[in-house]
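The sequence shown begins at 76 in our numbering and counts up one residue at a time.
Here's the structure, in structure tokens; my notes come after.
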Amino acid sequence: MRSRLPLLIVGLLVLGGLALLFLTGRNAEERRIDGSAVGFALLAPWLDSQGIAAEQANPRLSPQVETLALRILPLHDIDLTRPMRTGGSPRDQFYSGTLIDTDLGNLLSKYDEMSTLVILPKWVAGSFARKVLHRSALIPQSRYPTLLEQVLGRSGARLLRPGDGFRSEDSAWGRIALFQPQVLDPDHLPEGCRSLLDFAGGALVLGCEHPDMPPLYVLADPDLMNNHGLPLARNGKAAAALLRKILNGNTRPVYLDPYDASYINVWDEAAEDEQRRDYQRDAEAFARFFDPPFDALWAMMLIVLGVAFWRGAVRFGPLGAADATPAEQSKSAAIATKARLLRLSGHDGRMVADYVRADLAQRARQTFGPGAAQAGQARLFAHLARRDPAAAEALRQAAEALTTRAPHMPSAELARTLHTYRSLLETLTHGHDPDRVPKPR
Numbered sequence: 076m077r078s079r080l081p082l083l084i085v086g087l088l089v090l091g092g093l094a095l096l097f098l099t100g101r102n103a104e105e106r107r108i109d110g111s112a113v114g115f116a117l118l119a120p121w122l123d124s125q126g127i128a129a130e131q132a133n134p135r136l137s138p139q140v141e142t143l144a145l146r147i148l149p150l151h152d153i154d155l156t157r158p159m160r161t162g163g164s165p166r167d168q169f170y171s172g173t174l175i176d177t178d179l180g181n182l183l184s185k186y187d188e189m190s191t192l193v194i195l196p197k198w199v200a201g202s203f204a205r206k207v208l209h210r211s212a213l214i215p216q217s218r219y220p221t222l223l224e225q226v227l228g229r230s231g232a233r234l235l236r237p238g239d240g241f242r243s244e245d246s247a248w249g250r251i252a253l254f255q256p257q258v259l260d261p262d263h264l265p266e267g268c269r270s271l272l273d274f275a276g277g278a279l280v281l282g283c284e285h286p287d288m289p290p291l292y293v294l295a296d297p298d299l300m301n302n303h304g305l306p307l308a309r310n311g312k313a314a315a316a317l318l319r320k321i322l323n324g325n326t327r328p329v330y331l332d333p334y335d336a337s338y339i340n341v342w343d344e345a346a347e348d349e350q351r352r353d354y355q356r357d358a359e360a361f362a363r364f365f366d367p368p369f370d371a372l373w374a375m376m377l378i379v380l381g382v383a384f385w386r387g388a389v390r391f392g393p394l395g396a397a398d399a400t401p402a403e404q405s406k407s408a409a410i411a412t413k414a415r416l417l418r419l420s421g422h423d424g425r426m427v428a429d430y431v432r433a434d435l436a437q438r439a440r441q442t443f444g445p446g447a448a449q450a451g452q453a454r455l456f457a458h459l460a461r462r463d464p465a466a467a468e469a470l471r472q473a474a475e476a477l478t479t480r481a482p483h484m485p486s487a488e489l490a491r492t493l494h495t496y497r498s499l500l501e502t503l504t505h506g507h508d509p510d511r512v513p514k515p516r
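In structure tokens:
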């Protein structure tokens, strides 16, 4: 169990870091929805390619309103005053009309900032989970009156679904094709609203003027601009032309805002002197160290700590007790004992051969790691050859002679070859000859 404990700790640290990254990655679900068939991730790149500057919203920063022309605000919520339900049966979750919970107060506050194009929802939550768009996954029409009143600020608007399956029609901007199209009833438009784009006998796009706020536009069918419908027929061209008409020559960027967030305002240097400096630090202030981007830093620190623990406790072995005999000391003692026995028995050659093998293995381990004892000797000679090829080759020949022929060498030749081996090895590893006597100055 003890041998598995380091691996268990490493696994817990790494998993904890990954879990922290996942759990603190706010708006991760929104990003996955935005990249799905019912999302709008393709819209901003498409508009850029059509010469319409587009910016993608940052879920944690408030936009600089004065630099933008239009906010495109897709809705994935059928009732902006009711929080998204959690739990329930699988059927209830599948047919839920809310994918991203949107607050009506946030929506109305965005109306006051700039002109807004609101895109109504069309598909139930199960269409995202199952990655399939079918007529059975349409949000029932009976659930739209409340949403239309919330979006338009006036009652009376009605949603129509004039056809079944795909329907395509020519418009002034090209052919538009929609699957299970939905439009607004032209006979029940609120006061101050008019149709900007007709389709299938209804108003596909609505433009509304209010005296106390910027213009409001409503797209009844999201499939004109979402990832599913944008590539169909000439929907992309029609969407770009529609936005050009709404912009009416305004060259400032449009702002694609799929998030419902309590924004953090961008720092304003002019307001620096107005900031209060007499606040008290409390637990809430300390909790800021676990808000973005610090949460990601803590997660990465856990992962790095896990890897460092693995390298120290597993790869290079656990720490030994104070009274434990290190493995290298035990090996040195064994070699010394064996050398003494060989010397007493007159087998100096075998002792030298064992010494050279052990010396080369030890230097290979020091250079390339613990697992390089035998296989690393060839790498050791190649490594030394980079410093001095001739000396490295002479060292290799001397080592080979000592490990293979030392037991049969005369004593004089054995001493001379061993001296050559040690001198060459010292020169290659430390850059000087141990037998060289410096000249007096």
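Cβ coordinates follow ideal geometry from the N, Cα and C atoms, glycine included.
Can you tell which of the options has its C-alpha closest to the C-alpha of residue i?
i: Gln225; options: Arg432, Leu179 and Arg242; result: Leu179
i: Leu299; options: Met288, Ala316, Leu291 and Asp287; result: Ala316
i: Thr177; options: Gly267, Gln437 and Leu150; result: Leu150
i: Pro306; options: Ala278, Gly276, Ala275 and Ala252; result: Ala252
i: Leu279; options: Leu192, Tyr496, Leu182 and Val89; result: Leu192
i: Glu488; options: Pro256, Gly424, Gly110 and His505; result: Gly424
i: Pro256; options: Trp248, Arg250, Phe241 and Gly249; result: Phe241
i: Ala433; options: Phe169, Asp463, Arg462 and Thr478; result: Thr478
i: Ile147; options: Met484, Arg480, Ala371 and Pro290; result: Pro290
i: Ser246; options: Lys312, Pro286, Arg269 and Pro237; result: Lys312
i: His483; options: Val427, His505 and Arg327; result: Val427
i: Ser111; options: Asn302, Thr142, Pro138 and Phe169; result: Asn302
i: Gly86; options: Arg438, Phe384 and Leu227; result: Phe384
i: Leu459; options: Pro215, Pro220, Ala481 and Leu503; result: Leu503
i: Ser202; options: Gly282, Ala465 and Ile108; result: Ile108
i: His285; options: Gln216, Ser190 and Pro485; result: Ser190
i: Arg438; options: His505, Thr142 and His494; result: His505
i: Phe254; options: Cys283, Pro215, Leu208 and Leu281; result: Leu208
i: Pro220; options: Ser171, Ile153, Asp167 and Thr142; result: Ile153
i: Glu468; options: Arg480, Arg454 and Arg440; result: Arg454
i: Arg106; options: Gly444, Asn323 and Tyr334; result: Tyr334
i: Gly444; options: Thr142, Asp370, Arg386 and Leu281; result: Arg386
i: Asp522; options: Thr442, Arg480 and Gln472; result: Lying outside 76 to 516, the shown extent of the chain, residue 522 is not represented and no answer is given.
Measuring CB to CB, does residue i end up less than 8 Å from residue j?
i: Leu195; j: Leu271; result: no
i: Ile521; j: Leu145; result: What is shown of the chain runs 76 to 516, which leaves residue 521 out entirely.
i: Ala129; j: Asp123; result: yes
i: Tyr292; j: Ala132; result: no
i: Gly381; j: Val89; result: yes
i: Arg309; j: Gly249; result: yes
i: Pro237; j: Ala275; result: yes
So, for residue i: in the same chain, excluding its five sequence neighbours on each side, which residues have a beta-carbon less than 8 Å away from its beta-carbon?
i: Arg319; result: Ile127
i: Ala119; result: Ala129, Glu130, Gln131 and Leu331
i: Gln452; result: Leu435, Ala436 and Ala439
i: Met76; result: Legend: pLDDT at Met76 = 46, less than 50; position of this residue unreliable, value from coordinates given subsequently. Here the set comprises nothing.
Suppose the cutoff is 7 Å on Cβ atoms and the five residues either side in sequence are ignored; what does the same chain contact list for residue i look like?
i: Leu500; result: Leu470
i: Asn325; result: Ala144
i: Met288; result: Tyr186 and Asp187
i: Ala474; result: Val431, Leu435 and Tyr496
i: Leu83; result: none
i: Gly91; result: Leu377
i: Asp343; result: Only weak support is given to the placement of Asp343: the predicted model assigns it a pLDDT of 39, under 50, and the value that follows is read from those uncertain coordinates. So the list is empty, once near-sequence residues are dropped.
i: Ser171; result: Arg160, Val199 and Ala200
i: Trp121; result: Leu305 and Gly311
Throw me the rounded Cβ distance for the residue i and residue j pair, which I believe falls under 8 Å.
i: Lys197; j: Leu174; result: So it is not a contact: roughly 11 Å between Cβ atoms.
i: Asp260; j: Arg233; result: 4 Å
i: Pro218; j: Asp239; result: This sequence places Arg at residue 218; Pro is not what is there. Not a contact, Cβ separation roughly 19 Å.
i: Phe169; j: Val140; result: With a Cβ gap of about 38 Å, Phe169 and Val140 do not count as contacting.
i: Thr492; j: Ala466; result: The Cβ separation is near 15 Å, so there is no contact.
i: Leu372; j: Cys283; result: Between Cys283 and Leu372 the Cβ distance is about 46 Å, and since that is not below 8 Å, they are no contact.
Kindly list the residues whose CB is nearer than 6 Å to the CB of residue i, restricted to its own chain and excluding five residues on each side of it in sequence; keep chain order.
i: Leu223; result: Ala232
i: Phe235; result: The residue asked about is misnamed: residue 235 is Leu in this sequence, not Phe. So the list reads Val258, Asp260 and Gly277, once near-sequence residues are dropped.
i: Gly304; result: Asp298 and Asn310
i: Arg229; result: Pro265
i: Arg461; result: none
i: Ala457; result: none
- Is the segment 156-170 in contact with the segment 183-191, if contact means three or more CB pairs nearer than 8 Å? Cβ pair count under 8 Å is below three, so no.
- Message: Would the segment 162-172 count as touching the segment 259-270 if we require 3 or more Cβ pairs under 8 Å?
- Response: The answer is no - the segment 259-270 does not touch the segment 162-172, with fewer than three Cβ pairs under 8 Å.
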